[in-house]
Amino acid sequence: MTLTTSTLTPALQAFLDEDLGTTGDLSASAFQDRHVIGRIIAKQPGILAGQAIPAALYALIDPTVTYLPTFLDGDLVQSGTVIGHLSGPATALLAGERTLLNLLQRMSGIATATHAAVDALNNPQIDILDTRKTAPGLRLFDKYAVQCGGGLNHRMGLYDAVMLKDNHWRLIADLPTALRRLRHTVGPTKLIEVEVETREQLQAAVDCQVDMILIDNQLPETVRHWRSLIPATIKVEASGGITPTTLPTYAHTGVDYISLGYLTNSVQALDLSLELSLD
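Under this note's numbering, the very last position in the sequence shown is 991; numbers go up by exactly one each time.
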């Protein structure tokens with residue numbers, strides 16, 4: 713996944729409209745507009761994400777604003793590091809300041825948490841995945857940030873892969889019939905994953921030869937045992953209640969993936985600031 717102008721522009725315009733409304737920045741009348749320079753500064757160490765945002769954002773406010781990044785997405789930055797330089801009219805830079813920082817701080821926080829998870833797991837044979845537990849309207853940004861931190865993206869939405877979860881189990885009569893219907897509807901190329909919480913569900917998923925099995929809400933020793941019962945042709949994911957503290961205990965369970973909802977639903981933003989000065 714990449715952040716392109718065509719995908720960024722509609723979202724960024726909506727974010728600006730939310731902040732500027734129909735009248736714009738009312739505080740701008742307090743001073744005479746001047747050309748200024750700005751520095752985006754990291755106030756704590758972390759992994760950077762979102763360096764495509766400043767240029768795309770300010771192109772919607774004032775195309776004369778320029779942005780020069782000094783680090784790339786995925787880079788580790790230290791406290792006090794200048795991650796990029798802005799130049800343009802003061803009114804323009806101030807109009808986009810909050811939207812810019814909100815996005816960069818959130819994305820960099822997600823990237824930092826993902827990087828920490830990869831380090832804590834310390835097993836290159838297991839990939840860290842995100843989930844759909846993202847803030848509405850921010851999924852593109854959240855999932856891109858996971859990539860910057862060294863994680864992989866799970867499905868983007870309900871439209872690009874099938875996952876049968878606990879509520880689906882309550883609604884289907886039997887798994888083989890449900891899977892036949894799904895294959896007829898979605899075709900042979902869409903991945904079908906089944907979430908299991910019991911041995912009976914696990915065996916049913918194995919018997920149906922699904923593409924992927926998610927072992928949900930189980931202790932590491934249970935995950936390890938259940939993994940041994942699943943053919944190598946079926947990919948296995950572990951999820952459910954895994955925290956930064958417990959994550960390392962899943963490092964030797966034999967799964968292919970571990971998905972972590974906290975990466976995007978419990979975001980600790982990376983502290984960044986924008987400092988302006990006269991040109």
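For every residue, glycine included, the Cβ atom is placed at its ideal position computed from N, Cα and C.
Burial state of residue i, where buried means 16 or more other Cβ atoms lie within 10 Å
i    : result
L931 : exposed
M819 : buried
K755 : exposed
D928 : buried
E987 : exposed
F674 : The requested residue 674 does not occur in the structure, where the chain is confined to residues 713 to 991.
M713 : exposed
E912 : exposed
L738 : exposed
T826 : buried
Residue i, DSSP secondary structure in three states
i    : result
T961 : helix
P722 : helix
V777 : coil
K877 : coil
R867 : coil
S739 : helix
R746 : coil
A764 : coil
L903 : coil
L715 : coil
L990 : strand
A754 : strand
L798 : strand
L784 : coil
Own chain partners of residue i with C-beta closer than 6 Å, once the 5 adjacent residues on each side are dropped
i    : result
T824 : G758, I759, L982
C920 : L887, P888, L891
A857 : A761, M819, I822, A823
G952 : D928, N929
A665 : Here the chain comprises residues numbered 713 to 991, so residue 665 is not present and cannot be evaluated.
Beta carbon of residue i nearer than 9 Å to that of residue j
i    : j    : result
N977 : T782 : no
V906 : V922 : yes
L914 : W938 : yes
S985 : I753 : yes
I765 : L833 : no
A768 : T717 : yes
K855 : A873 : no
L812 : Y770 : yes
R736 : A807 : Just to set this straight, residue 736 is Gly in the shown sequence, not Arg. Yes; because the gap between Cβ atoms is below 9 Å, this pair is in contact.
A828 : P956 : yes
Close beta carbons around residue i, own chain, < 8 Å, minus the five adjacent residues each side
i    : result
V830 : I840, G861, G862, G863
V748 : S799, G800, P801, A802, L805, L988, S989, L990, D991
R851 : R844, M868, G869
G796 : R751, I752, Q763, P766, Y779, L780, P781, T782, F783
N835 : A963, H964
Beta-carbon contacts of residue i that lie in its chain and below 7 Å, excluding the five residues immediately before and after
i    : result
N879 : none
Y962 : P932, V935, A950, I954, I970
L724 : A768, L769, L772
R746 : A802, L990
Which whole runs of the alpha helix (DSSP H) in the stretch 802 to 854 are 4 residues long or more, in chain order? 802 to 833, all fully within the stretch 802 to 854.
Can you list, in chain order, the stretches of the alpha helix (DSSP H) that have 4 or more residues and sit fully within the stretch 918 to 987? Every unbroken stretch of the alpha helix (DSSP H) spanning 4 or more residues and falling wholly within the stretch 918 to 987 is given here in chain order: 932 to 940, 974 to 977.
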